[in-house]
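**Q** Shown below is the structure under consideration.
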Amino acid sequence: MDKDLTYFMYRLETCLEEAIKEQQQAAGGPDSVEDDLAMLRVLEELENYIDRNEFLRCLLYQVYQKNLH
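Quick note on numbering: our numbering labels position 47 of the sequence shown as 319, and the sequence is numbered without any gaps.
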């Protein structure tokens, strides 16, 4: 795997994990609403899609590269 793509995948995974943790806190808090739990499920499903779909990873990598410069 290309070094830049490997780094991108690492960063993407890290960012998704951080977003999921933040959403878990929001969904578990006293002011939680259905939207918080729904968004948590969306983020988790997005993470699954990215893990299983090479085409999606490539598309996201292209967006990343395009916006780097």
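Cβ coordinates follow ideal geometry from the N, Cα and C atoms, glycine included.
1. Quick one: what does DSSP say G301 is sitting in, helix, strand or coil?
2. Q295: buried (16+ other C-beta within 10 angstroms of its C-beta) or exposed?
3. Apart from the five residues just before and just after Y321, which ones in its own chain have a Cβ nearer than 7 Å to its Cβ?
4. Is it true that the CB of L288 sits closer than 8 Å to the CB of E319?
5. D276 by DSSP, collapsed to three states: which one?
6. Just to check my reading of the structure: I292 and E317 have Cβ atoms closer than 8 Å, yes? What is that Cβ distance to the nearest angstrom?
**A** Taking the coordinates as given:
1. On the sequence shown, residue 301 is found 29 positions in, with the first residue counted as 1. The DSSP-derived three-state label of G301 is coil.
2. For this step, residue 295 is matched to residue 23 along the sequence shown. Q295 is buried by the Cβ-count criterion.
3. Your numbering for residue 321 matches position 49 in the sequence shown. Within the same chain, Y321 has close Cβ partners L328.
4. Here the question's residue 319 lines up with position 47 in the sequence shown. Here the question's residue 288 lines up with position 16 in the sequence shown. Yes, Cβ-Cβ distance for E319 and L288 is below 8 Å.
5. Along the sequence shown, one-based indexing puts residue 276 at 4. If DSSP states are grouped into helix, strand and coil, D276 belongs with the helices.
6. Mapped onto the sequence shown, residue 292 falls at position 20. Mapped onto the sequence shown, residue 317 falls at position 45. About 11 Å separates the CB atoms of I292 and E317; that is not less than 8 Å, and the two are not in contact.
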